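Asker: If you scroll down you'll find the structure; I have some questions about it.
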Amino acid sequence: MEKQQKSSHVVLVMVNFQGHITPMLQLASILHSKGFSITIVHPEFNSPNPSNHPEFTFISIPDKLTESHFSDKDAASPVWSLNKNCAAPLQQCLEKILHSLHHIAAVIYDTLMYSAQTITEDLGLLGIVLRTGSATTMLFYPAFSQLDEERIGIIIGIANTCFLDFVYEIKSPELEALQLKRLRALLSQNATKAMTEVRVAFANVLKRSSAIIVNSMEFLELEALSKVKQYFPAPIITIGPLHKFAPAVCSSLLTEDDKCISWLNKQAPKSVIYVSFGSIANIDKQELIEIAWGLSSSKQPFLWVVRPGMVSGSEWIESLPNGFEESVGERGCIVKWAPQKEVLAHAAVGGFWTHCGWNSTIESICEGVPMLCRPFFGDQYLNTSSICNVWKIGLEVQNLERGNIERTIKRLMVDMEGNGIRKRAIDLKEKAAFYLMEEGSTSCSLNMLIKRILSV
Ligand code: UDX
């Protein structure tokens, strides 16, 4: 593939949540390797460390976010505020870059920073959206783009009926398997004003952007992707899994604790259950206790990530029950943050108990690790359904009760019942490896993106 002139400048608009920083930096590093100059514009909160990426220019814009935005139970609230507060600074920032460089080849923005699309249009720039979640989740947005203010209000009142009726109309075995009835109930709980407005905005940018980049693999979401292509006019560019193309990108906001790798080195092959609920999900003290006893009685070795502050009302793991540490001894390892990709690729890891964030999901698929699923919010429910009902490579932990946790771990990792799941996880890993090796598929997508960027 040809290298571009360094003069082709791409601005990436990043949103500083861990699950969004990582794929954006990976994309930046791929484009840089193809010869593009990169500027990353990002809100102030959770700023990435520029010294980890001397090859990029970082510009921070004021976001006026406070702690209260994040403690809000409504996950859409910080996203809504971010767009409202960052729109003007982002516009000024892009104008400044344009003034000094005279040309920006493209602005690639995270779906969460949807206000970037209007700004790029106003400045006559090419706006491309990066969808960091699955392609399947995009099927939920088209209905929203047709709604006016009044109907949005009605929908908030009647729990998203129109939106989900639209989804029901998409008849296909793969999508039926996503247990849409259950999703209907779960999604309707989230129908706050901010959430509905954010969903409408997502739908609009997906319709208006010049291209949609998706961090996924064609074979993984074949049917969903073909439906997505019918609903969105822009070319859908599937260039995943990004972490396999840009594996060396350092993007963690927390420090990775490498001691867990030496602990893993001492464990038997495929014996360890790795437990991590990503960068945002929180649990309460009782849930911590149930998970602890569930892990203890499963008798499997476990590596457990408990982020500082993840347990509500605790600094770290001081609420672990008395007698827990003695009961597990060397069989358990608890860290604040792990080098997750390395952990999942380790021979000792035989299962991943995850919150089903999209990055964790594709990282696990690429390493052939079967999953236990405990979704907390948003796309995690849909990813859980794909893992358990479409790809059939995982089991859902239905409730956080110690006996149930123990049984579900054993079903996944030891029991005969888990044989099929474990085998399908390996099969999917092999398919992913084949897809990555295959001549053409990924470089073709990348070429498509480069062509698009250079088209204006
Ligand atoms: C968020 C949302 O919660 C998720 O639903 C959405 O799909 C993406 O944005 P997050 O909760 O952080 O993401 O989950 P996930 O998408 O799985 O991303 C977490 C990232 O952190 C992964 O790349 C994972 O490898 C990394 N990680 C996690 C570590 O490096 N170490 C850890 O200890 C835990």
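The sequence shown maps to residues 983 to 1438 in the working numbering. All C-beta atoms in this analysis are idealised placements derived from N, C-alpha and C, irrespective of residue type, glycine included. Just so you know, these numbers come straight off a predicted model, no measurement behind them.
So which of M1292, K1281 and H1024 has the shortest CA-CA distance to D1266?
Answerer: M1292
Asker: Would a C-beta distance cut-off of 8 Å place L955 and V1089 closer than the cut-off?
Answerer: Limits of the chain in this structure are 983 at one end and 1438 at the other, which puts residue 955 out of reach.
Asker: Buried or exposed for A1183, please, with buried defined as at least 16 other CB atoms from any protein chain shown within 10 angstroms of its CB.
Answerer: buried
Asker: Use the C-beta contact count for E1412: other C-beta atoms within 10 angstroms, 16 or more gives buried, fewer gives exposed.
Answerer: exposed
Asker: Say whether the stretch 1334-1345 touches the stretch 1255-1272, bearing in mind that this needs 3 or more beta-carbon pairs closer than 8 Å, one atom from each stretch.
Answerer: yes
Asker: Which residues bound the alpha helix (DSSP H) around T1004?
Answerer: Q1000 to S1015
Asker: Could you have a look at F1040 and say whether DSSP puts it in helix, strand or coil?
Answerer: strand
Asker: Which residue or residues does DSSP assign as beta-bridge partners of P1025?
Answerer: I1043.
Asker: Report back the beta-carbon spacing between S1299 and V1287 to the nearest angstrom; my notes put them in contact at under 8 Å.
Answerer: Note on residue identity: the sequence assigns Ile, not Ser, to residue 1299. Not quite, the Cβ-Cβ distance comes to about 11 Å (not below 8 Å), so this is no contact.
Asker: If I measure Cβ to Cβ from P1032 and keep anything under 8 Å in the same chain, skipping five residues before and after, which residues do I get?
Answerer: F1038 and F1040
Asker: Around the C-beta of T1048, are 16 or more other C-beta atoms found within 10 angstroms, so that it is buried, or is it exposed?
Answerer: exposed
Asker: So L962 and N1028 are in contact, right, with Cβ under 8 Å, and what is the actual spacing, rounded?
Answerer: This structure cannot settle anything about residue 962, because the visible part of the chain is limited to 983 through 1438.
Asker: For I1243, which three-state DSSP category applies?
Answerer: helix
Asker: When DSSP labels each residue in this structure, what does D1439 get in the three-state scheme?
Answerer: The structure shown has nothing for residue 1439, since the chain only spans 983 to 1438.
Asker: Quick one, are the C-beta atoms of D1092 and M1177 less than 8 Å apart?
Answerer: no
Asker: Where does T1114 fall in DSSP's three states?
Answerer: coil
Asker: Can you name, in chain order, every residue of its own chain whose Cβ lies under 8 Å from the Cβ of Q1249, other than the five neighbours on each side?
Answerer: In chain order, P1283 and A1330 place their CB closer than 8 Å to the CB of Q1249, counting only its own chain and leaving out the 5 sequence neighbours on each side.
Asker: Taking all protein chains shown into account, decide if N1247 is buried (16 or more other Cβ within 10 angstroms of its Cβ) or exposed.
Answerer: exposed
Asker: Would H1085 be called buried (16 or more neighbouring beta carbons within 10 Å of its own) or exposed?
Answerer: exposed
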